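Worksheet for the structure shown next.
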Amino acid sequence: MSTTDAIAAGGAPEPAHATAELPQELLRQLRDGLPLPAGALRGFVQGIADGRVGDAQVGAFAMAVRLRGLPPADTAVLTLAMRDSGTCLDWGDAGLDGPLLDKHSTGGIGDLASLTLGPMVAACGGYLPMLSGRGLGHTGGTLDKLEAIAGYRSQVDLPTLRAVVREAGIAIVAAGGDLAPADRRLYAIRDVTATVDSIALITASILSKKLAAGTRSLVLDVKCGSGATMDSREQSQALARSLVDVSCAAGLPCMALLTDMQQPLTDSVGNALELREALAYLRGEETPPRLHALCLALGSEMLCMGGLAGSDADARRQLLAARDSGRAFERFAKMVHALGGRAGALEAGGGVAGAAPLVEPVFAAMPGRVAAIDARALGMAVVALGGGRSDPGDAIDPRVGLTEVAEIGAGVAAGQPLALVHATSQEALAAAQQRVRAAFRLVDPGMQVAAPELLLGRVTAGSEPAPADPAG
Numbered sequence: 402m403s404t405t406d407a408i409a410a411g412g413a414p415e416p417a418h419a420t421a422e423l424p425q426e427l428l429r430q431l432r433d434g435l436p437l438p439a440g441a442l443r444g445f446v447q448g449i450a451d452g453r454v455g456d457a458q459v460g461a462f463a464m465a466v467r468l469r470g471l472p473p474a475d476t477a478v479l480t481l482a483m484r485d486s487g488t489c490l491d492w493g494d495a496g497l498d499g500p501l502l503d504k505h506s507t508g509g510i511g512d513l514a515s516l517t518l519g520p521m522v523a524a525c526g527g528y529l530p531m532l533s534g535r536g537l538g539h540t541g542g543t544l545d546k547l548e549a550i551a552g553y554r555s556q557v558d559l560p561t562l563r564a565v566v567r568e569a570g571i572a573i574v575a576a577g578g579d580l581a582p583a584d585r586r587l588y589a590i591r592d593v594t595a596t597v598d599s600i601a602l603i604t605a606s607i608l609s610k611k612l613a614a615g616t617r618s619l620v621l622d623v624k625c626g627s628g629a630t631m632d633s634r635e636q637s638q639a640l641a642r643s644l645v646d647v648s649c650a651a652g653l654p655c656m657a658l659l660t661d662m663q664q665p666l667t668d669s670v671g672n673a674l675e676l677r678e679a680l681a682y683l684r685g686e687e688t689p690p691r692l693h694a695l696c697l698a699l700g701s702e703m704l705c706m707g708g709l710a711g712s713d714a715d716a717r718r719q720l721l722a723a724r725d726s727g728r729a730f731e732r733f734a735k736m737v738h739a740l741g742g743r744a745g746a747l748e749a750g751g752g753v754a755g756a757a758p759l760v761e762p763v764f765a766a767m768p769g770r771v772a773a774i775d776a777r778a779l780g781m782a783v784v785a786l787g788g789g790r791s792d793p794g795d796a797i798d799p800r801v802g803l804t805e806v807a808e809i810g811a812g813v814a815a816g817q818p819l820a821l822v823h824a825t826s827q828e829a830l831a832a833a834q835q836r837v838r839a840a841f842r843l844v845d846p847g848m849q850v851a852a853p854e855l856l857l858g859r860v861t862a863g864s865e866p867a868p869a870d871p872a873g
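Below you can see the structure in the form of structure tokens.
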């Protein structure tokens, strides 16, 4: 059965003998590679949402899917079951005068694009109910970055979400208690069970929230490289294809850009550190080239899909004007204020979590040129500093992380750091310095090393992955 047929039918046909099953029976079928009755899969997902399925069983399910995989039709059933585990938003009576748009990244290191791109698109006339996530494995989370703002509330009820989107044009929040509750629980367990990089689970997690939020078109940023959830080009293409096919089959127009994550998107990694960089970008004070190029490429796709721009050139002109005029920053500030951010929280970073007490450089063992970076190792260094979670209940210290991270192709002279480590203890600092130093591969300074291309490909409904236009 095709993905489209599975969605149209509400899942694969049920065997005549299918009955309500114990969770462990579905786990046995999944473990042994047997066909999964759609009704049993839907019942298991509802059990995740209402607590009838225990944490151990959820973890076993995640690991079995990670190791066995799911056929596309079962992935579609899982996605819709997770969507239907809670409320689906209806924007018909919201009185919005523009399209409902969304963008989502599959996760990376130093990936702060949602914080900058969302307000830019909102300033161009789009409305963005962005249901975002927390850090997952070595990758950072948009909500963790925003919660570095004093008073910011990422957990809101549905009336508040609707009101903030109407007022500010954008709301970046967690999927509330009523939206895709099965995903919220499964997401937290995936984070600590080494099951983050499952195409089926990523597809269902992302799309269940987007479908429940009621967005009308979706642009995906599918990362590829050592800092991504999927490190190979082939895996990233397969993930993009799964996401686009399931989304379009479910009635949500969708496309994906494949983008590079062999190194951090900017030179900062860590929640408050990335937030400060995003604010500087929105104010026009800094323009990190990779971040800027990504915002324009993704933003152009969003405006064109939403009917707000007639061409790539028109879309880019609007996006640049939104940023340069300060309107994008105003949208971000409105959102922060509406979601409880302290008055003046964004002025000179006054309401952003303070600096870590220890900031020390990481020096290379010898001069050289950066040939490669293990971006995943950088992300895990930040997790170990306290900027990520080893357990779903762990608190995060938003102050810790890395800044001034050297780029691939950069020369590093004697006495020039590879990065600065922001830490809260000498022990954590020393461990992070070792991790960071080991993450860089240097070659002779006289060798030429090309910087990796940012835009790697484009995936649309029914297409094969095509090279991205470097200009867009």
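Residue numbers for the sequence shown follow the numbering used here, beginning at 402 and rising by one.
Beta carbons are placed, not taken as given, at the ideal position from N, Cα and C, and that holds for glycine.
Values in this document were obtained by computation on a predicted structure and should not be read as measured data.
C-beta contact flag for Y641 and V620 at 8 Å: Counting from one through the sequence shown, the residue named residue 641 turns up at place 240. Counting from one through the sequence shown, the residue named residue 620 turns up at place 219. Looking at the sequence provided, one finds Ala at residue 641 rather than Tyr. Contact: no.
Nearest-angstrom Cα separation, counted from L502 out to T540: Your numbering for residue 540 matches position 139 in the sequence shown. Your numbering for residue 502 matches position 101 in the sequence shown. Cα to Cα, T540 sits roughly 24 Å from L502.
Element boundaries [alpha helix (DSSP H), containing H738]: In the sequence shown, residue 738 corresponds to position 337, counting from 1. From DSSP, the alpha helix (DSSP H) with H738 extends over 728-739.
Distance between L653 and K611 (C-alpha atoms, nearest Å): As a working mapping, residue 611 is identified with position 210 in the sequence shown. As a working mapping, residue 653 is identified with position 252 in the sequence shown. Straight-line Cα distance between these residues: approximately 9 Å.
Residues sharing a beta bridge with F764, DSSP: Residue mapping note: residue 764 aligns to position 363 of the sequence shown, counting from 1. Paired residue(s): P818.
Neighbourhood of S726 by C-beta, 6 Å cutoff - its chain only, sequence neighbours within 5 removed: Counting from one through the sequence shown, the residue named residue 726 turns up at place 325. Within the same chain, S726 has no close Cβ partners at all.
Sub-8 Å separation of L821 and P762 beta-carbons: By 1-based counting over the sequence shown, the position of residue 821 is 420. By 1-based counting over the sequence shown, the position of residue 762 is 361. In this structure, L821 places its C-beta atom within 8 Å of the C-beta atom of P762.
Identified DSSP bridge partners for S506: Numbered from its first residue, the sequence shown carries residue 506 at position 105. D622.
Collapsed DSSP secondary structure at R859 in the structure displayed: Here residue 859 refers to the residue found at position 458 of the sequence shown. Correct three-state label for R859: strand.
As assigned by DSSP and simplified to three states, the class of Y682: One-based indexing of the sequence shown puts residue 682 at position 281. Looking at Y682 - three-state DSSP - the assignment turns out to be helix.
DSSP state of R842 mapped onto helix, strand, coil: If you number the sequence shown from 1, residue 842 lands on position 441. In the displayed model, R842 falls within a strand according to three-state DSSP.
Reduced DSSP secondary structure (H/G/I, E/B, other) of Y528: Position 127 of the sequence shown, counted from the first residue, corresponds to residue 528. In this structure, Y528 counts as strand in the three-state DSSP scheme.
Identity of the residue in Y528, A601, P582 nearest I571 by Cα: By 1-based counting over the sequence shown, the position of residue 571 is 170. Sorting Y528, A601, P582 by C-alpha distance to the C-alpha of I571 places Y528 at the top.
Proximity below 8 Å, CB of H823 to CB of V837: Here residue 823 refers to the residue found at position 422 of the sequence shown. Here residue 837 refers to the residue found at position 436 of the sequence shown. In terms of Cβ geometry, H823 and V837 do not form a close pair [threshold 8 Å].
Cβ distance (whole Å) where M662 is taken to contact A629 below 8 Å: For the purposes of this step, residue 662 is taken as the residue at position 261 of the sequence shown. For the purposes of this step, residue 629 is taken as the residue at position 228 of the sequence shown. Correct: roughly 4 Å between the Cβ atoms.
Limits of the beta strand (DSSP E) - the one that M656 falls within: Mapped onto the sequence shown, residue 656 falls at position 255. If you look at M656, you'll find it in the beta strand (DSSP E) that goes 655-661.
Backbone secondary structure at H693 - three-state DSSP: What you label residue 693 is simply residue 292 of the sequence shown in a count that begins at 1. It is helical.
R724 versus D715: straight-line alpha-carbon distance, rounded: Position 323 of the sequence shown, counting from 1, holds the residue named residue 724. Position 314 of the sequence shown, counting from 1, holds the residue named residue 715. When rounded, the distance between both Cα atoms is 15 Å.
At least 3 beta-carbon pairs within less than 8 Å: the region 436-456 vs the region 465-481: Touching, yes.
Beta-carbon gap between T604 and S637 smaller than 8 Å: Looking up residue 604 in the sequence shown gives position 203. Looking up residue 637 in the sequence shown gives position 236. Cβ distance not < 8 Å, so T604 and S637 don't count as in contact.
Per-residue burial, E678 [other beta carbons within 10 Å of its own, 16 or more giving buried]: Residue 678 sits at position 277 when you count from the first residue of the sequence shown. Buried is the call here.
Strand pairing of R770, partner residues [DSSP]: Start at 1 with the first residue of the sequence shown, and residue 770 comes out as number 369. G812, V844, per the DSSP bridge assignment.
Closest residue to L468 among P500, D433, L803, W492 (Cα-Cα distance): Position 67 of the sequence shown holds residue 468. When only C-alpha atoms are compared, the closest one is D433.
Other residues of its chain near V647: CB distance less than 7 Å, five sequence neighbours each side excluded: Here residue 647 refers to the residue found at position 246 when the sequence shown is read from its first residue. Excluding sequence positions up to five before and after V647, its CB lies within less than 7 Å of the CB of T404, T476, A477, T480, T604, L608, all in the same chain and listed in chain order.
Exposure of S506, with buried meaning 16 or more beta-carbon neighbours within 10 Å: On the sequence shown, position 105 is the one that residue 506 refers to. Burial state of S506 is buried, judged by a 10 Å Cβ sphere holding 16 or more other Cβ atoms.
Reduced DSSP category for I797 - H, G, I as helix; E, B as strand; rest coil: Taking the first residue of the sequence shown as position 1, residue 797 is located at position 396. Three-state result, I797: coil.
Distance between G671 and A461 (C-alpha atoms, nearest Å): Along the sequence shown, read from residue 1 onward, the residue named residue 461 stands at position 60. Along the sequence shown, read from residue 1 onward, the residue named residue 671 stands at position 270. The alpha-carbon atoms of A461 and G671 are separated by roughly 31 Å.
Beta bridge counterpart(s) of I571 as assigned by DSSP: Within the sequence shown, numbered from 1, the residue matching residue 571 stands at position 170. Beta-bridge pairing links I571 to L529.
Which residues DSSP lists as bridging V478, in chain order: Reading the sequence shown from its first residue, position 77 is the one you call residue 478. Bridge partners of V478 according to DSSP: none are assigned.
Rounded C-alpha distance that separates R627 from G496: Taking the first residue of the sequence shown as 1, we reach residue 627 at position 226. Taking the first residue of the sequence shown as 1, we reach residue 496 at position 95. Here residue 627 turns out to be Ser, not Arg, going by the sequence shown. Between S627 and G496, the alpha-carbon positions lie close to 43 Å from each other.
8 Å contact criterion, which D598 and T488 should meet: CB distance rounded: Here residue 598 corresponds to residue number 197 of the sequence shown, with the count starting at 1. Here residue 488 corresponds to residue number 87 of the sequence shown, with the count starting at 1. A Cβ-Cβ distance of about 29 Å is found for the pair D598 and T488, leaving them out of contact under the 8 Å criterion.
Collapsed DSSP secondary structure at G700 in the structure displayed: By one-based count along the sequence shown, residue 700 stands at place 299. Helix.
Contiguous beta strand (DSSP E) assignments of at least 3 residues, all confined to the region 542-601: Segments of the beta strand (DSSP E) lying fully in the region 542-601: 571-574.
Minimum C-alpha distance to P768 - residue among R790, R453, V850, P846: Taking the first residue of the sequence shown as position 1, residue 768 is located at position 367. The residue with the shortest Cα to Cα distance from P768 is P846.
Bounding residues of the alpha helix (DSSP H) (the contiguous stretch that carries L442): Residue 442 sits at position 41 when you count from the first residue of the sequence shown. It spans 439-451 - the alpha helix (DSSP H) in which L442 sits, taken as one unbroken run.
Strand pairing of G802, partner residues [DSSP]: Start at 1 with the first residue of the sequence shown, and residue 802 comes out as number 401. H823.
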